[in-house]
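S.K.: Provided herewith is a single structure, encoded as structure tokens, for subsequent inquiry.
Residue numbers (my numbering): 310 to 692.
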């Protein structure tokens, strides 16, 4: 096991009715900016609960944060927050709303060009923020990470600061009952791939981390299809919500090597061709595993046995079956695993490679040996 430094200050308030406790966790006298997406919170009862809980605070709202939040949209939110003299950000939504709100919190306290915060300048100050989660997927509710898209530059840009961990995250599974099947499937795939990025690398004598990852994967495999079949099963939605948080709150990756090539290649597909984040993961991951099977062989074999129960046949046959089972699971969750399913063919690949080169993504993966030629082979496999 490698050395590690684990830090996670986010208070988790889990379960039904927790939105009512909001006022206990926002400092008295705060001027609250509530951020949200396209308006579903007004249809599913979430806004009514938030509004009631915040009745003693001056509140303003900023809506319309997109899936893959856009830089220009977030700049408008920053301007509004400054005009309203907001002192606390409350993100009500899924990972995109929370990611965007992290940028808003940082940009409000930054005196330079806000785009700097997406180009390696780490926030030294930020407005405090909390969140009410309505979509279990990204884990952004309990980490300091975010990703913002810039349409004109065709970039999807990650950022991080320890100041951007939400002060608290309210996880009420009932807020997810009204999600359409596409978002349920995307959320499960997102959490699944987050887990695999920190697990399917190479052995590092970290059995606790391995078992932790395998437990998350098995739970997602068991509970994901149930959520599609019965979206209002509280216990199923609770288990999925907690899995998604655990998959990217920092604990799973302690002491182990991490990959993240699937995400970085996927970001370019989203920036160029507007695929959902999870759609890119479902396309790239099986192709990457097939391309990198030799480098990942030991962990793929472990994954085959412990997660999918594959013990018959040769090691290579078990690895093949595990990759196939992964792809089949994504498809069962309603998420396609081929670029062609999204209307993309081989002509789309050169621009993805050009973007990877433009953004310096020339040494990806846990061994930092996925170069452009390897990325091209992965993309060709994904057709």
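We put the beta carbon where it would ideally sit given N, CA and C, even for glycine.
Within the region 539-602, note down every full alpha helix (DSSP H) run reaching 4 residues or more, in order along the chain.
M.R.: Entirely contained in the region 539-602, the alpha helix (DSSP H) runs reaching 4 residues are, in chain order, 543-556, 570-582 and 586-600.
S.K.: If you follow the alpha helix (DSSP H) that residue 320 is in, where does it begin and where does it stop?
M.R.: No alpha helix (DSSP H) contains residue 320, which is instead part of the beta strand (DSSP E) from 320-323.
S.K.: Taking the DSSP output, what are the residues bridged to residue 344?
M.R.: Paired residues: 371 and 400.
S.K.: Spatial neighbours of residue 643 within its chain, please: C-beta separation below 6 Å, excluding the five flanking residues on both sides.
M.R.: Excluding sequence neighbours, residue 643 sits near 490 and 494.
S.K.: Is the region 516-532 touching the region 603-623, taking contact as three or more C-beta pairs under 8 Å?
M.R.: Yes, they touch.
S.K.: Check for me: the beta strand (DSSP E) holding residue 478 runs from which residue to which?
M.R.: Run containing residue 478: 477-480, per the beta strand (DSSP E) assignment.
S.K.: For the 8 Å Cβ check, are there 3 or more pairs between the region 355-372 and the region 414-428?
M.R.: No contact exists between the region 355-372 and the region 414-428.
S.K.: Spatial neighbours of residue 470 within its chain, please: C-beta separation below 6 Å, excluding the five flanking residues on both sides.
M.R.: The residues are 431, 432 and 453.
S.K.: Spell out the partners DSSP gives residue 469 in its beta bridges.
M.R.: 454.
S.K.: Please tell me whether, using a cut-off of 8 Å, the distance from the CB of residue 433 to the nearest non-hydrogen atom of the ligand GTP is below it.
M.R.: Among the components modelled here there is no ligand, and therefore nothing to report on the ligand GTP.
S.K.: What is the DSSP secondary structure of residue 679, counted as helix, strand or coil?
M.R.: Strand.
S.K.: Among 552, 685 and 325, which one has its Cα closest to the Cα of residue 593?
M.R.: Among 552, 685 and 325, the Cα nearest to that of residue 593 belongs to 685.
S.K.: Out of 400, 547 and 395, state which residue places its alpha-carbon closest to the alpha-carbon of residue 341.
M.R.: Ranking the options by Cα distance to residue 341, first place goes to 395.
S.K.: Under DSSP, the beta strand (DSSP E) around residue 442 begins and ends at which residues?
M.R.: Taken as a continuous stretch (DSSP letters only), the beta strand (DSSP E) holding residue 442 covers 438-442.
S.K.: Span of the alpha helix (DSSP H) holding residue 391?
M.R.: Per DSSP, residue 391 belongs to the alpha helix (DSSP H) from 380-392.
S.K.: By a C-beta neighbour count over all protein chains shown, 10 Å radius and 16 as the cutoff for buried, is residue 347 buried or exposed?
M.R.: Counting Cβ neighbours within 10 Å, residue 347 comes out exposed, since fewer than 16 surround it.
S.K.: Starting from residue 638, follow the alpha helix (DSSP H) in both directions and report where the run begins and ends.
M.R.: That run of the alpha helix (DSSP H) goes 624-641.
S.K.: For residue 381, tell me which candidate among 436, 531 and 459 has the shortest Cα-Cα distance.
M.R.: For residue 381, the nearest C-alpha among the options comes from 459.
S.K.: Given a threshold of 16 other Cβ atoms within 10 Å of its Cβ, counted over all protein chains shown, does residue 689 qualify as buried or as exposed?
M.R.: Its Cβ having fewer than 16 others within 10 Å, residue 689 is exposed.
S.K.: Hey, would you say residue 444 sits closer than 9 Å to residue 456, going by beta carbons?
M.R.: Going by C-beta atoms, residue 444 is not nearer than 9 Å to residue 456.
S.K.: What distance in whole Å lies between the Cβ atoms of residue 554 and residue 448, which are believed to be in contact at a cut-off of 8 Å?
M.R.: About 6 Å separates the two Cβ atoms, so the contact holds.
S.K.: Give the DSSP-derived three-state secondary structure of residue 459 in the structure shown.
M.R.: If DSSP states are grouped into helix, strand and coil, residue 459 belongs with the strands.
S.K.: How would you call residue 550, buried or exposed, if buried means at least 16 neighbouring beta carbons within 10 angstroms?
M.R.: Residue 550 is buried by the Cβ-count criterion.
S.K.: By alpha-carbon positions, which one of 577, 335, 541 and 603 ends up nearest to residue 663?
M.R.: Of the listed residues, the one whose Cα sits closest to residue 663 is 577.
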